[in-house]
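For the record, the sequence lines run as chains X and F. The first sequence begins at 4 in the numbering used here and counts up by one. The second sequence begins at 2 in the numbering used here and counts up by one. Data block below; observations after.
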Amino acid sequence: MNKIFSSAESALADIFSGAVVMVGGFGVTGVPFTLIKALSQQGAKNLTIIANSPGGRLPDIDLTLLIKNVQVKKVISSYPVYAGKISAFEEKYLEGQIELEMVPQGTFIERIRAGGASIPAFYTPTGVGTSLTQGKVKKIFDGKKYVLEFALKADFALIKAHKADKMGNLVYHSAARNFNPTMATAAAVTIAEVDYIVKPGELDPETIVTPAIYVDRIVKGEKYEIRFD
Amino acid sequence: MKSGLTRDLIAMRVANEFHNGDIVNLGIGLPTRVSSFIAENSDVILHCENGLMGYGRIAHAHEIDPELVNAGSEPVTLKPGASYSGSAEAFAMIRGGHINIAVLGAYQVSEKGDLANWLQPNRKTGSVGGSMDLVCGSKKVIVTMEHTTRDGRPRIVKKCSSPLTGKRCVNLIVTNLAVIEVKPDGLMLKEVAPGFTYEEVQIVTEPRLLIAPDLHEIEL
Numbered sequence: 004m005n006k007i008f009s010s011a012e013s014a015l016a017d018i019f020s021g022a023v024v025m026v027g028g029f030g031v032t033g034v035p036f037t038l039i040k041a042l043s044q045q046g047a048k049n050l051t052i053i054a055n056s057p058g059g060r061l062p063d064i065d066l067t068l069l070i071k072n073v074q075v076k077k078v079i080s081s082y083p084v085y086a087g088k089i090s091a092f093e094e095k096y097l098e099g100q101i102e103l104e105m106v107p108q109g110t111f112i113e114r115i116r117a118g119g120a121s122i123p124a125f126y127t128p129t130g131v132g133t134s135l136t137q138g139k140v141k142k143i144f145d146g147k148k149y150v151l152e153f154a155l156k157a158d159f160a161l162i163k164a165h166k167a168d169k170m171g172n173l174v175y176h177s178a179a180r181n182f183n184p185t186m187a188t189a190a191a192v193t194i195a196e197v198d199y200i201v202k203p204g205e206l207d208p209e210t211i212v213t214p215a216i217y218v219d220r221i222v223k224g225e226k227y228e229i230r231f232d
Numbered sequence: 002m003k004s005g006l007t008r009d010l011i012a013m014r015v016a017n018e019f020h021n022g023d024i025v026n027l028g029i030g031l032p033t034r035v036s037s038f039i040a041e042n043s044d045v046i047l048h049c050e051n052g053l054m055g056y057g058r059i060a061h062a063h064e065i066d067p068e069l070v071n072a073g074s075e076p077v078t079l080k081p082g083a084s085y086s087g088s089a090e091a092f093a094m095i096r097g098g099h100i101n102i103a104v105l106g107a108y109q110v111s112e113k114g115d116l117a118n119w120l121q122p123n124r125k126t127g128s129v130g131g132s133m134d135l136v137c138g139s140k141k142v143i144v145t146m147e148h149t150t151r152d153g154r155p156r157i158v159k160k161c162s163s164p165l166t167g168k169r170c171v172n173l174i175v176t177n178l179a180v181i182e183v184k185p186d187g188l189m190l191k192e193v194a195p196g197f198t199y200e201e202v203q204i205v206t207e208p209r210l211l212i213a214p215d216l217h218e219i220e221l
């Protein structure tokens with residue numbers, strides 16, 4: 004089975020309007036910029052984007068591309084806006100054109116982990132007593148209050164890894180790992196953008212973070228210069 | 002008018018709270034600056050939500066690895082003994098009680114130790130990030146911020162008017178003017194910025210401050 008696609012365009016040609024799409028990355032790190040660009044050109048609309056941030060740090064290459072292109076109807080995120088600047092997402096959100104579900108970051112990733120492991124819901128202490136858990140089911144365990152949170156799944160996950168072998172085993176680099184390996188488990192189709200593609204056997208099995216079972220398609224990414232301002 | 006400690010000096014004072022072996026998470030903004038004031042040879046371990054454990058100070062230009070960043074996406078150095086995991090594991094550590102100290106920025110802190118730090122007053126949306134997880138899982142929460150808003154109103158208040166990040170979760174407040182401990186019976190002023198008096202701090206603090214028996218100037 005060949006998982007390697009010759010272009011990002013061909014790897015995400017079947018992302019349909021209305022799809023739920025997870026996108027990895029923490030700030031500017033571990034973001035699948037090549038896949039994001041291709042999805043903005045592909046043009047699928049009414050997308051629900053599950054990403055820690057809907058873009059704004061590198062607006063010419065990050066998820067801002069999809070927001071500006073009016074491809075997104077809803078964002079599920081823990082870090083939707085930045086201090087000191089108004090992003091394309093915030094503008095559209097304030098205009099009422101995009102829906103936002105704000106989720107504490109630990110709950111965000113645990114909901115995705117649960118989605119990948121077929122755990123439909125779980126109790127967590129995070130956010131109890133705040134407006135973000137208002138109206139949600141609470142339960143007391145050992146004298147402490149917890150809130151019921153539900154799993155997140157997606158039709159597609161767009162992730163970024165450092166190296167893939169041709170089977171689809173992935174290793175990451177440093178903090179670029181972040182949400183990527185968990186998202187890989189929770190989507191019907193996982194598409195990995197990588198810096199290098201190597202032969203099976205070249206990655207030490209002890210170091211593989213995402214086993215190939217979770218990866219459907221592999222694309223070699225373009226090089227992006229990350230600016231820190 | 003006197004302004005108290007600079008942001009770097011506030012960060013330096015926060016770093017003095019850490020002890021060898023502490024596992025510390027630094028939030029976005031003023032807190033991440035603290036990493037540059039931890040002695041290179043100290044055993045304090047810095048943890049980040051992105052899965053990084055054991056990072057060092059802010060990186061100089063020639064040291065930058067764009068994928069080695071702190072909570073604020075600033076490039077940092079790596080210390081011997083560092084490790085990587087992902088976000089799921091990083092938050093299991095946070096909620097699971099494995100972090101000794103979380104340092105967070107704030108818009109407001111109440112006299113009971115309630116924290117409001119994710120929705121700026123007058124803005125329709127904010128970013129919660131990992132702060133709600135950090136306040137419910139960390140053994141100690143240190144808040145660091147300017148003592149007042151830009152127009153001089155207290156940020157330390159009787160009751161937070163901004164939406165809460167957590168209730169009764171703050172242990173220590175370090176500002177440009179003071180170090181204040183949250184005690185069961187109220188806020189205790191422990192240290193004042195050099196040149197400031199108790200009265201000058203009280204006047205820009207809404208709740209009544211208890212005075213520590215050994216109240217003294219902040220030492221760096």
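All C-beta atoms, glycine included, are put in the ideal place defined by N, C-alpha and C.
Which class does residue i belong to by DSSP, given the choice of helix, strand or coil?
i, result
"F/GLN109", "strand"
"F/LYS3", "coil"
"X/ARG220", "strand"
"X/VAL184", "Sequence check: residue 184 of chain X is Pro here, not Val. It is helical."
"F/LEU221", "coil"
"X/GLU228", "coil"
"F/ALA194", "coil"
"F/HIS63", "helix"
"X/ASP158", "strand"
"F/ARG214", "Correcting the residue identity first, residue 214 of chain F is Pro in this sequence and not Arg. Strand."
"F/ILE39", "coil"
"X/GLY99", "coil"
"F/LEU47", "strand"
"X/LYS71", "helix"
"F/ILE29", "coil"
"X/LYS6", "coil"
"F/ARG58", "strand"
"F/PRO155", "strand"
"X/LYS139", "coil"
"F/VAL142", "strand"
"X/TYR175", "coil"
"X/LEU66", "coil"
"X/VAL26", "strand"
"X/LYS94", "The question names Lys, but residue 94 of chain X in the sequence shown is Glu. Looking at X/GLU94 - three-state DSSP - the assignment turns out to be helix."
Measuring straight from C-alpha to C-alpha, what distance separates residue i and residue j?
i, j, result
"X/VAL26", "X/SER56", "9 angstroms"
"X/PRO83", "F/SER128", "6 angstroms"
"X/THR67", "X/VAL73", "10 angstroms"
"X/GLY171", "X/ALA14", "14 angstroms"
"F/GLY167", "F/LYS141", "13 angstroms"
"X/ILE211", "F/ARG209", "56 angstroms"
"F/ARG8", "F/ARG34", "8 angstroms"
"F/LEU120", "F/LYS184", "26 angstroms"
"F/PRO164", "F/CYS49", "24 angstroms"
"X/ILE70", "X/PHE19", "16 angstroms"
"X/VAL218", "X/HIS165", "14 angstroms"
"X/PRO35", "F/PRO195", "49 angstroms"
"X/LYS6", "F/PHE19", "48 angstroms"
"F/SER132", "F/SER88", "14 angstroms"
"F/ILE181", "F/VAL175", "7 angstroms"
Thinking just about the alpha-carbon of each residue, which of the options is nearest to the one in residue i?
i, options, result
"F/LEU116", "F/LEU105, F/VAL25, F/GLY187", "F/LEU105"
"F/ILE11", "F/GLY30, F/ILE24, F/ASN26", "F/GLY30"
"X/THR37", "X/ILE18, X/ALA11, X/LEU69, X/GLY58", "X/ALA11"
"X/ALA22", "X/VAL201, X/ALA14, X/ILE52, X/ARG60", "X/ILE52"
"X/LEU151", "X/SER43, X/ILE122, X/TYR227, X/GLU94", "X/ILE122"
"X/ILE200", "X/ILE221, X/PRO184, X/PRO214, X/PHE182", "X/ILE221"
"F/GLY114", "F/ARG34, F/THR145, F/GLU68", "F/THR145"
"F/ALA60", "F/SER37, F/ASN42, F/GLY82", "F/SER37"
"F/GLY130", "F/LEU6, F/GLY28, F/ALA83", "F/GLY28"
"X/ILE143", "X/GLU228, X/PHE8, X/VAL131, X/ALA154", "X/VAL131"
"X/ALA167", "X/LYS156, X/LYS139, X/GLY224", "X/GLY224"
What are the boundary residues of the beta strand (DSSP E) that includes residue i?
i, result
"X/SER80", "75-80"
"F/MET146", "Taken as a continuous stretch (DSSP letters only), F/MET146 belongs to no beta strand (DSSP E), as it is neither H nor E."
"X/TYR126", "124-127"
"X/LYS148", "147-153"
"X/THR51", "50-53"
"X/VAL192", "190-201"
"F/GLU182", "179-184"
"F/VAL175", "173-175"
Let's see if you can read the secondary structure: which residues bound the alpha helix (DSSP H) around residue i?
i, result
"F/ARG8", "8-16"
"X/PHE111", "108-119"
"X/GLU12", "11-14"
"F/VAL202", "199-204"
"X/LYS40", "36-45"
So residue i contacts chain B; which residues on that side make the cut at Cβ distance below 8 angstroms?
i, result
"F/ASN42", "Of the protein chains in the structure, X and F, none is chain B."
Less than 7 angstroms between the CB of residue i and some heavy atom of the ligand ATP, yes or no?
i, result
"X/ILE143", "Summarising the ligand content, the structure contains no ligands, and the ligand ATP is consequently not present."
(request) At 3 residues or longer, and completely inside the stretch 73-120 of chain F: list those beta strand (DSSP E) runs for me, N to C. (result) 77-85, 102-105, 109-111
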